[in-house]
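A short worksheet on the structure shown next.
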């Protein structure tokens, strides 16, 4: 199956894109402080901001951590689910953790162009996607504006695919993190031993036949375009395969790869994720670094667990490096092999990457550490080797099982027969209540 998403002919030319960069990532977790401290210890983050009882938040606790341009928000609830008065945000957090486990809820973007995003939604009769976490409140406020001691912050929140959302923030006149948060004085915090750079890309796993409609969603509402793609003829092992398309913002800084399963003998890592995440979601976040040798060494010393790359991988890489044209790799191949780092290259540049094992209890979310040297790809040359490594981990977990043949035949057409793709329909709330309005006003407060 070759995927076809219309490419934006004006890509990389818009001086004022809908989304100009990643802003932050929100995780819904059971214990925000514990997870934050775990990330601080293992990945070199610093405490950046906080919202909780001490700041006047009676329901939600959020710990914000930062390492250069990588900002994570660890959010959880601090009161029982059914305590009155009901709070829809609390219900949403409880629901997300119960259904999906700890993981990513909100991939937030920076923008100076909120009016154009809203106008685009209106032109497509899609204002139902504007939400206050769970509901349509466009009739009350197209763009939420909040003023506090740090300035004026504007934002909208768009209901994404399934349970993922996107908050889009204009912080051009705002000096804090978000309203309701107090910044943490870093005078007494040690300088991080691990230097991260920025978020390189954020990967979604979708269920069967949902990749194209998901990519179309980002094209329609975020003005993203197709940047890169592979199919099962390029990414496969003896047992499994996938389809993958990378959607990128107009300036090609924000990149959102979208994966879906392909037919194989065994369940792929994508299917394992869907099963244990109880549906689609964010599979991993790739963090760009300037010195991957130093970063991986320090992360391993601090206790981060990475996938185990076999020696045979490096035997094949050494052969490819001898046979194929490529620029000089500055890093020591001995160090690369010792640390288990993966290499991909073409005649113009190369990238180095490595993937952690799953971060939480479920075999779902993980991190990728990546260093680029004039190479904008996504490690296609590593996909087969990576899949084989992940399949070994799946087998250890007892999850490398046969695909459901009947399910495959229902969902797919064998021998080049076309099947209409299943469209993803957002849930639209028919009535707006006073609780909904209050939730929208207090969303970031």
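In full-length UniProt numbering, the protein residues as written are 1 to 445.
Glycine is no exception: its CB is placed at the ideal position from the N, C-alpha and C atoms.
Small disclaimer: the values here were computed from a predicted structure and weren't measured.
Exposure of residue i, with buried meaning 16 or more beta-carbon neighbours within 10 Å
i           : result
residue 80  : exposed
residue 135 : With a pLDDT of only 40 at residue 135, under the threshold of 50, the placement of this residue in the model should not be trusted; the figure read from the coordinates follows. Flag for residue 135 reads buried.
residue 10  : For residue 10, the pLDDT reaches just 46, beneath the cut-off of 50, and the residue's location in the model is therefore unreliable, although a value from the coordinates is still provided. When all chains shown are included, residue 10 counts as exposed.
residue 139 : The pLDDT assigned to residue 139 is 38, lower than 50, so where the model puts this residue is not dependable, and the model offers no usable value.
residue 17  : buried
residue 82  : exposed
residue 42  : buried
residue 401 : exposed
residue 369 : buried
residue 242 : buried
residue 129 : buried
residue 8   : Since pLDDT at residue 8 reaches only 47, below the 50 mark, its modelled position is unreliable, and the value read off the structure follows with that caveat. By the neighbour-count rule (16 or more Cβ atoms within 10 Å), residue 8 is buried.
residue 78  : exposed
residue 394 : buried
residue 428 : Since pLDDT at residue 428 reaches only 35, below the 50 mark, its modelled position is unreliable, and no value is offered.
residue 87  : buried
residue 210 : buried
residue 113 : buried
residue 207 : buried
residue 415 : With a pLDDT of 39 at residue 415, under the threshold of 50, the modelled position of that residue is not reliable, and the figure given next carries that caveat. So residue 415 ends up on the exposed side.
Distance CB(residue i)-CB(residue j) smaller than 9 Å
i           : j           : result
residue 343 : residue 351 : yes
residue 111 : residue 20  : yes
residue 67  : residue 194 : yes
residue 63  : residue 36  : yes
residue 167 : residue 109 : yes
residue 196 : residue 49  : no
residue 23  : residue 65  : no
residue 238 : residue 397 : no
residue 261 : residue 44  : no
residue 54  : residue 182 : yes
residue 73  : residue 102 : no
residue 391 : residue 240 : yes
residue 339 : residue 318 : no
residue 217 : residue 160 : yes
residue 399 : residue 327 : no
residue 323 : residue 329 : no
residue 372 : residue 288 : yes
residue 180 : residue 51  : yes
residue 220 : residue 126 : yes
residue 389 : residue 310 : yes
Residue i Cβ short of 8 Å to the ligand ADP heavy atom set
i           : result
residue 193 : Inclusion of the ligand ADP in the displayed structure is not the case, the ligand content being empty and no account of it being possible.
Identity of the residue in the options nearest residue i by Cα
i           : options            : result
residue 76  : 46, 27, 42, 54     : 27
residue 337 : 376, 324, 293, 377 : 293
residue 376 : 308, 353, 361      : 353
residue 257 : 209, 221, 205      : 205
residue 46  : 187, 146, 121      : 187
residue 473 : 89, 164, 40, 361   : The displayed coordinates of the chain run from 1 to 445. Any statement about residue 473 would go beyond what the structure contains.
residue 325 : 255, 316, 346      : 346
residue 259 : 361, 252, 212, 218 : 212
residue 222 : 369, 88, 121, 30   : 121
residue 382 : 341, 395, 394, 357 : 341
residue 299 : 30, 32, 40, 33     : 40
residue 379 : 87, 230, 144, 29   : 230
residue 291 : 69, 331, 316       : 331
residue 162 : 361, 104, 335, 297 : 104
residue 90  : 29, 142, 145       : 29
residue 356 : 335, 214, 297, 144 : 297
Worksheet item: Any contact of the segment 299-309 with the segment 267-279, i.e. 3+ C-beta pairs under 8 Å?
Response: Not touching, per the Cβ criterion.
Worksheet item: Would you call the segment 107-123 and the segment 150-162 in contact, with 3 or more CB pairs under 8 Å?
Response: Pairwise C-beta distances place the segment 107-123 in contact with the segment 150-162, as three or more of them are shorter than 8 Å.
Discussion item. Threshold first: 3 residues or longer. Then list the beta strand (DSSP E) segments lying entirely within the UniProt domain "VOC" (21-159), N to C.
Written reply: With a minimum length of 3 residues, the unbroken runs of beta strand (DSSP E) contained wholly in the UniProt domain "VOC" (21-159) fall at 21-28, 46-51, 60-67, 70-77, 103-110, 144-148, 151-159.
Discussion item. So within the segment 339-409, which uninterrupted beta strand (DSSP E) runs reach at least 3 residues, ignoring any that extend past its ends?
Written reply: Listed in chain order, they are 342-345, 350-355, 366-373.
Worksheet item: For the segment 263-274 against the segment 183-201, are there 3 or more C-beta pairs whose distance is under 8 Å?
Response: Result no; under three Cβ-Cβ pairs closer than 8 Å.
Fill in: Three or more C-beta pairs below 8 Å linking the segment 46-58 and the segment 90-99
At 8 Å Cβ cutoff, the stretches do not touch.
Practice prompt. Could you tell me which uninterrupted beta strand (DSSP E) segments, each at least 3 residues in length, are contained entirely in the UniProt domain "VOC" (198-357), listed from first to last along the chain?
Written response: The qualifying runs are 198-205, 225-230, 241-248, 255-262, 281-288, 342-345, 350-355.
Discussion item. Check whether the segment 282-291 and the segment 363-378 are in contact - that is, three or more C-beta pairs closer than 8 Å.
Written reply: Below 8 Å, enough C-beta pairs join the segment 282-291 and the segment 363-378 to call them touching: three or more.
Worksheet item: Hey, is the segment 219-227 in contact with the segment 245-254, meaning 3+ C-beta pairs nearer than 8 Å?
Response: With a cut-off of 8 Å, the segment 245-254 and the segment 219-227 count as touching, because enough Cβ pairs lie within range.
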